[in-house]
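Residue numbers (full-length UniProt numbering): 1 to 348. Heads up, the beta-carbon is just placed ideally off N, CA and C, and yes, glycines get one too. Reviewing the structure listed below.
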Amino acid sequence: MQFELDRRRPCQSRITTPRKETDTCRILSGVSEGVTTGTPITVFVPNTDQRGHDYSEMSIAYRPSHADATYDMKYGVRAVQGGGRSSARETIGRVAAGAVAKKILKNLAGTEILAYVSQVHKVVLPEDLIDHDTLTLDQIESNIVRCPDPEYADKMIDAIDAVRVRGNSIGGVVTCIVRSCPRGLGSPVFDKLEAQLAEAVMSLPATKGFEIGSGFAGTFLTGSEHNDEFFTDEHGRIRTRTNRSGGIQGGISNGEIISMRIAFKPTATGHNKQHTVARDKKEMELIAHGRHDPCVVPRAVPMVEAMVALVLLDQLMAQHGQCNLFPINPNLQEPMLLPGLEPNKVPL
Numbered sequence: 001m002q003f004e005l006d007r008r009r010p011c012q013s014r015i016t017t018p019r020k021e022t023d024t025c026r027i028l029s030g031v032s033e034g035v036t037t038g039t040p041i042t043v044f045v046p047n048t049d050q051r052g053h054d055y056s057e058m059s060i061a062y063r064p065s066h067a068d069a070t071y072d073m074k075y076g077v078r079a080v081q082g083g084g085r086s087s088a089r090e091t092i093g094r095v096a097a098g099a100v101a102k103k104i105l106k107n108l109a110g111t112e113i114l115a116y117v118s119q120v121h122k123v124v125l126p127e128d129l130i131d132h133d134t135l136t137l138d139q140i141e142s143n144i145v146r147c148p149d150p151e152y153a154d155k156m157i158d159a160i161d162a163v164r165v166r167g168n169s170i171g172g173v174v175t176c177i178v179r180s181c182p183r184g185l186g187s188p189v190f191d192k193l194e195a196q197l198a199e200a201v202m203s204l205p206a207t208k209g210f211e212i213g214s215g216f217a218g219t220f221l222t223g224s225e226h227n228d229e230f231f232t233d234e235h236g237r238i239r240t241r242t243n244r245s246g247g248i249q250g251g252i253s254n255g256e257i258i259s260m261r262i263a264f265k266p267t268a269t270g271h272n273k274q275h276t277v278a279r280d281k282k283e284m285e286l287i288a289h290g291r292h293d294p295c296v297v298p299r300a301v302p303m304v305e306a307m308v309a310l311v312l313l314d315q316l317m318a319q320h321g322q323c324n325l326f327p328i329n330p331n332l333q334e335p336m337l338l339p340g341l342e343p344n345k346v347p348l
């Protein structure tokens, strides 16, 4: 859990917010001697470097493209210091819970979730440079921007540095893959797996786009070009020769690698003068103070992984209850091999 929080915390490097938070977690309940007890897990992470005076001017002025205005429009009141619920600080709880979910998925089903930065502003990592079958966490964590290709990582860092020194910000894209996902997760209509994943990752701060598999690029193909043809591999398993579906067909996982991309907008709060209005509706100019990320995508990587893990664990439990206890057609339904369900096999 602490490892995942360290990946998310501020002040990791020069390209993240300079706010100095260690984000040291303390588990208050639900775990004893490294093993879950079945009671709710309570995690305490204190804020130690808040500076409320940085937000004094924002108490009357709305930051352009920030949640300040819409929170007032809905509730008539808002938290000025730090942004309240719109602050990325709230993702600490998501990442902590995601760490537990990732461990359960790995131990029970061998599922591995990896995310990385594939675009920063106009620097786009070509898809064919990264082999999703062999990609490792060490490759992703080898640089401060979390791009697995060293050459493109340097270009992305340069792009962030260029706006950082000017008090500006840029956005980017996080790619996330899921390896060894059990078949059969998800269900038709309203609870399709891609819909659940989209809802989860799009609830993260600053997200503005989601695509899975071929995504929007698939609209340029014909049906015969886009279809993933089936074959039977040497182990007798039904597989697809291509993976334009992104590991999900009909809202249900098919056992191939799940691949998705999430777009993050530039940080709304910057140090440049902007035109806005005050709460009394008078127009004014605002120069925001405070400490903010020049680009959120490097720190968003563990957040995306966490949300994907939480969705998959929910779906894994649902699948086990819905289809594994009473299989209708064992010749077609692939059993979920969960060796970790044996007693004393899942230390957390």
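Alpha-carbon to alpha-carbon, residue j and residue i
i           : j    : result
G172        : P40  : 35 Å
residue 356 : L332 : Outside the displayed range of the chain (1 to 348) lies residue 356, so it cannot be described from this structure.
V346        : K103 : Because the pLDDT of V346 is 42, which lies under 50, any placement of that residue in the model is unreliable, and the number read from its coordinates should be weighed accordingly. Distance between the alpha carbons of V346 and K103: 9 Å.
V201        : R85  : 16 Å
Y62         : D228 : 48 Å
L348        : T36  : In this predicted model, L348 has a pLDDT of only 41, less than 50, meaning its place in the structure is not dependable enough to derive any value.
R166        : L114 : 32 Å
Q322        : T42  : 29 Å
residue 372 : S118 : Any answer about residue 372 is impossible in this case: the structure gives the chain only from 1 up to 348.
E194        : I248 : 7 Å
residue 352 : H121 : There is simply no residue 352 to check, as the chain begins at 1 and stops at 348 in what is shown.
A300        : F264 : 9 Å
V45         : I92  : 8 Å
P10         : L310 : 23 Å
V80         : M73  : 14 Å
A67         : A206 : 10 Å
Cβ-based burial, residue i [other Cβ within 10 Å; buried from 16]
i    : result
P343 : At P343, the pLDDT of 48 sits below 50, so the modelled position is not reliable and the matter cannot be decided from this model.
Q196 : buried
E75  : A small fix is needed here, since residue 75 is Tyr in this sequence, not Glu. That one is exposed.
R78  : buried
N254 : buried
P126 : exposed
M307 : buried
Bounding residues of the beta strand (DSSP E) (the contiguous stretch that carries residue i)
i    : result
R7   : R7 -> not in any beta strand (DSSP E); alpha helix (DSSP H) instead, spanning Q2 to R8.
E285 : E283 to L286
V201 : Not the beta strand (DSSP E): V201 falls in the alpha helix (DSSP H), residues L193 to M202.
R26  : R26 to S29
As assigned by DSSP and simplified to three states, the class of residue i
i    : result
I15  : coil
C323 : helix
L332 : coil
G209 : strand
K345 : Interpretation of K345 is limited by its pLDDT of 46, a score under 50 that renders its predicted location unreliable; the figure taken from the coordinates is listed afterwards. The answer is coil: DSSP assigns K345 none of H, G, I, E or B.
V308 : helix
V120 : strand
Item checked: Entirely enclosed beta strand (DSSP E) segments - the segment 37-115, minimum 3 residues -> 42-44
Item checked: Contained beta strand (DSSP E) runs [length at least 3] in the segment 225-275, N- to C-terminal order -> 230-232, 238-240 and 258-264
Next item on the list: Go through the segment 122-202 residue by residue and report every complete run of the beta strand (DSSP E) that reaches 3 residues or more, in order.
Entry: 172-179
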